[in-house]
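First residue of the sequence shown: 46, per our numbering; consecutive thereafter.
Glycine residues also receive a C-beta, built at the ideal position from the N, C-alpha and C atoms.
Read through the structure below, which is laid out as structure tokens, and then see the notes.
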Amino acid sequence: MFAVMANEAYKQIIKTAIGNIKTIAYESYGAVDISEKLVEISRLNIGVLILHRDIAKDKELNDSLKTLKVLRPHLRVIFITANTSPGDALISSLITKGIYDIFSPNSDENINLITHNLQKIIYGNKASYADVARWDVSSLNNKTEKITTIPVTTALIVNVTKCAGSTMLATSLAGAINKYKIRSAVIEMPHQPYLFDSLGLRLLENNINKFYSYPHIINSEKQPEIGKETIKENIIWLVPDSRLQAITDWSYPKMMRLLYCCKEAGALIVDGGSNLNKAYLESIIPIVDLVIAVIDPLPAQIIKAKNNINKLLGLKSSGCNIIFAANKWSKGLSKQDFAKLINVKPHVYIPQIDQASIYKSAYACKTPYSRTEVQEALHKPMQKLVSLLLPPSVFHNVSRKNRFFNLRR
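Here it is, written out as structure tokens:
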């Protein structure tokens with residue numbers, strides 16, 4: 046549960062970032078008697094306090110937060126302070142009190158970007174001193190530094206028709222992004238474990254390092270540990286351990302925590318599978334950077350999926366960034382007839398991959414995209430999708446030589 050104390054300007058930003066307003070147990074907007082209110086909040090059954098600097102004077106905030114941390118030492122405080130640089134005296138003082146979740150947006154930033162970055166902090170792991178050491182006055186030698194952060198790009202890949210190939214596309218896109226020296230993380234729906242077995246992730250375990258199932262940790266309402274990610278093919282796999290009890294009670298707040306639990310990835314690829322109509326998946330469609338709706342071109346499957354197509358078209362018209370991808374595309378099929386049948390022009394056509402390549406990769410416990418012939422076949426559509434996710438500077442700064450390095454090996 047949350048408590049919110051902020052100015053009016055941040056009221057909607059914070060509510061949007063939280064998502065489920067029913068989880069807000071206390072809220073106050075505007076200047077207040079901070080010492081009195083924080084004592085009141087200390088008695089509430091909340092886990093997170095989101096506090097904006099503008100509601101009180103710095104000295105009052107500093108003294109009142111000191112009292113709060115004595116009363117509630119384990120309460121997480123997310124402190125918002127706009128246009129602030131490392132070296133700020135108040136922030137440095139808060140750090141000594143164990144308040145490490147510092148959010149400092151620039152006032153000229155896009156509101157959607159501010160909301161997105163705040164959401165990452167809210168549903169991400171609790172910050173540590175290492176995350177805020179740059180704010181410590183004593184460590185700066187009276188100098189300040191400009192900190193620039195690039196927000197994580199998140200893509201949701203979902204099947205429109207049954208077994209359209211979201212998993213194949215998700216793992217391939219993650220591999221394609223790696224070509225641009227940006228590590229991806231793949232998230233799989235917790236109640237449908239597949240990648241843990243298909244990639245042989247249990248084979249990476251030893252007496253010291255065990256597979257850390259982030260979905261199960263989050264589902265048990267525990268705080269995920271930092272640095273426990275499993276990496277294979279230079280991709281982080283935030284997937285459920287199929288050996289553990291199946292997760293059946295997944296929810297939107299848990300989904301949000303899973304999205305923001307990893308701090309080591311520059312791109313998050315969410316394999317939504319055939320769960321388009323699940324509430325927790327529908328809820329994140331408006332907040333991800335890109336939704337890739339995957340369609341099998343078989344007419345019978347398309348007819349059965351008309352409701353899904355119409356739902357996505359409705360969301361697209363309301364402002365959601367949704368594109369359609371024709372998967373398992375074969376030469377000779379009519380793009381015009383296909384577009385007419387689904388009532389929208391696909392952004393990419395992904396060719397049918399030889400089944401032998403898929404099975405060979407499965408027997409080797411690797412992704413299909415790890416195979417050279419698959420990379421060559423998918424190069425054009427993957428390049429098109431990557432260009433939608435990565436900043437132009439990243440996309441264009443990678444030379445052709447580096448992009449094709451692995452293809453020539």
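Query                                                                                                                                                                     : Result
In the DSSP output, what is D176 paired with across the bridge?                                                                                                           : DSSP, once it has assigned bridges, lists no residue as partnering D176.
Between which residues of its own chain and S296 is the CB-CB distance below 6 angstroms, once the five residues before and five after are set aside?                     : Y325
Name the DSSP bridge partner or partners of L335?                                                                                                                         : A200
May I have a chain-ordered list of the alpha helix (DSSP H) segments no shorter than 4 residues that lie completely inside the stretch 255-343?                           : 259-264, 297-304, 324-327
I330: which of A345, I340, S363, K385 sits nearest, CA to CA?                                                                                                             : S363
Leaving out five residues before and five after K56 in sequence, what residues of the same chain have Cβ atoms less than 7 angstroms from its Cβ?                         : Y74
Report all residues from its chain with a CB closer than 7 angstroms to the CB of N52; omit the five preceding and five following residues, and keep chain order.         : Y74, G75, H97, D99, I100
Would you give the residue range spanned by the alpha helix (DSSP H) that E154 belongs to?                                                                                : Neither: E154 is in no alpha helix (DSSP H) and is coded neither H nor E.
Would you kindly work out how many angstroms separate the C-alpha atoms of A312 and A127, rounded to a whole number?                                                      : 26 angstroms
By a C-beta neighbour count over all protein chains shown, 10 Å radius and 16 as the cutoff for buried, is T199 buried or exposed?                                        : buried
Could you tell me the distance, in whole angstroms, from the CA atom of S229 to the CA atom of G64?                                                                       : 25 angstroms
For A172, count neighbouring Cβ atoms within 10 angstroms of its own Cβ and tell me buried if that reaches 16, exposed if not.                                            : buried
Applying the 10 Å Cβ sphere with the 16-neighbour rule, what's the burial state of P437?                                                                                  : exposed
Which residue marks the beginning of the beta strand (DSSP E) containing A371, and which one marks its end?                                                               : 367-374
Helix, strand or coil for E250 per DSSP?                                                                                                                                  : coil
Quick check on DSSP: helix, strand or coil for D99?                                                                                                                       : helix
Roughly how many angstroms lie between the CA atoms of N186 and A178, to the nearest whole one?                                                                           : A caution first: N186 carries a pLDDT of 39, below 50, which makes its placement in the model unreliable, though a value can still be read off. Each residue's alpha carbon lies about 13 angstroms from the other.
Let me know if N372 comes out buried or exposed under the rule of 16 or more other beta-carbons within 10 Å of its beta-carbon.                                           : buried
Taking DSSP as the reference, what is the three-state secondary structure of P436?                                                                                        : coil
Looking only at DSSP bridge pairs, what is V431 linked to?                                                                                                                : V431 is not bridged to any residue.
Mark M46 as exposed unless 16 or more other C-beta atoms lie within 10 angstroms of its C-beta, in which case mark it buried.                                             : exposed
Quick one: what does DSSP say A407 is sitting in, helix, strand or coil?                                                                                                  : helix
Would you list, in sequence order, the uninterrupted alpha helix (DSSP H) runs of no fewer than 4 residues that lie entirely inside the stretch 112-147?                  : 134-141
With 16 other CB atoms within 10 Å as the buried threshold, where does K191 fall?                                                                                         : With a pLDDT of 33 at K191, under the threshold of 50, the modelled position of this residue cannot be trusted, and the question is left open.
For K104, which residues from the same chain have a beta carbon less than 6 angstroms from its beta carbon, with the 5 sequence-adjacent residues on both sides left out? : none
In whole angstroms, what separates the C-alpha of K175 from that of P150?                                                                                                 : The identity of residue 175 in the sequence shown is Ala, whereas the question assumes Lys. Between A175 and P150, the C-alpha separation is close to 19 angstroms.
With DSSP as the reference, label A384 as helix, strand or coil.                                                                                                          : helix
How far does the alpha helix (DSSP H) with V84 in it extend, from its first residue to its last?                                                                          : 79-87
Contact between the stretch 199-219 and the stretch 315-325: three or more CB pairs below 8 angstroms?                                                                    : yes
Along the chain, where does the alpha helix (DSSP H) that runs through M234 open and close?                                                                               : Segment: none, M234 is in no alpha helix (DSSP H) and carries neither H nor E.
Would you decide whether D146 is buried or exposed? Buried here means 16 or more other CB atoms lie within 10 Å of its CB.                                                : buried
By the 10 Å Cβ neighbour count, where 16 or more other Cβ atoms means buried, how is Y414 classified, buried or exposed?                                                  : buried
Return helix, strand or coil for V419, following the three-state DSSP convention.                                                                                         : helix
Roughly how many angstroms separate the alpha carbons of F383 and D341, rounded to a whole number?                                                                        : 10 angstroms
Residues in the same chain with beta-carbon distance under 6 angstroms from A219, minus the five sequence neighbours each way, listed in chain order, please.             : S229, V231, I280, I314
From what residue to what residue does the beta strand (DSSP E) around S73 run?                                                                                           : 69-74
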